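One gets the numbering used here by counting positions in the sequence shown from 1 and adding 1281 to each. The block underneath contains the structure these notes are about, expressed in structure tokens.
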Amino acid sequence: MGQPKDSEFKDRDTMTLDLDDGGKLECIVLNVFPVNNREYIALLPMNDEGHVEEDAQIFLYRFEELGDDEVNLETIEDDDEFELVSDYFDEMLDEQEFNELFNGAE
1282 MGQPKDSEFK
1292 DRDTMTLDLD
1302 DGGKLECIVL
1312 NVFPVNNREY
1322 IALLPMNDEG
1332 HVEEDAQIFL
1342 YRFEELGDDE
1352 VNLETIEDDD
1362 EFELVSDYFD
1372 EMLDEQEFNE
1382 LFNGAE
């Protein structure tokens, strides 16, 4: 599928998820970030045309780079861990929005 079609995401990397039902889902990589000595990834799914749906939900996974462009994603099963990662990601988004507003005012 390649690059996202939506202009605000056009320079972002993408990743294809293999779904349990055998299907594939192309996602935009929003960020890879550390929380408590583990790496996590935030993914935003695209539709079949390469666009992001307005009500799309962000996926958060544990992330491990294996080398040679291979990665391992793990579902975050623990509710406390998921809440911690989700809160951290929300704070990053809030900070990014603040920085965009501040830098845009100059």
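We put the beta carbon where it would ideally sit given N, CA and C, even for glycine. For clarity, every value in this text was computed on a predicted model and none was experimentally measured.
(Q) Could you give the first and the last residue of the continuous beta strand (DSSP E) run that contains M1327? (A) Run containing M1327: none; DSSP gives neither H nor E here.
Q. Out of curiosity, what's the CA-to-CA distance linking P1315 and Y1369?
A. 9 Å
Q: Measure from the alpha carbon of E1334 to the alpha carbon of each residue in S1367, D1302, C1308, then state which is nearest.
A: C1308
Q: Compute the Euclidean distance between the alpha carbons of H1332 and L1325, then round it to the nearest angstrom.
A: 10 Å
Q. Mind checking T1366: buried by the 16 CB within 10 Å criterion, or exposed?
A. The question names Thr, but residue 1366 is Val in the sequence shown. Burial call: buried.
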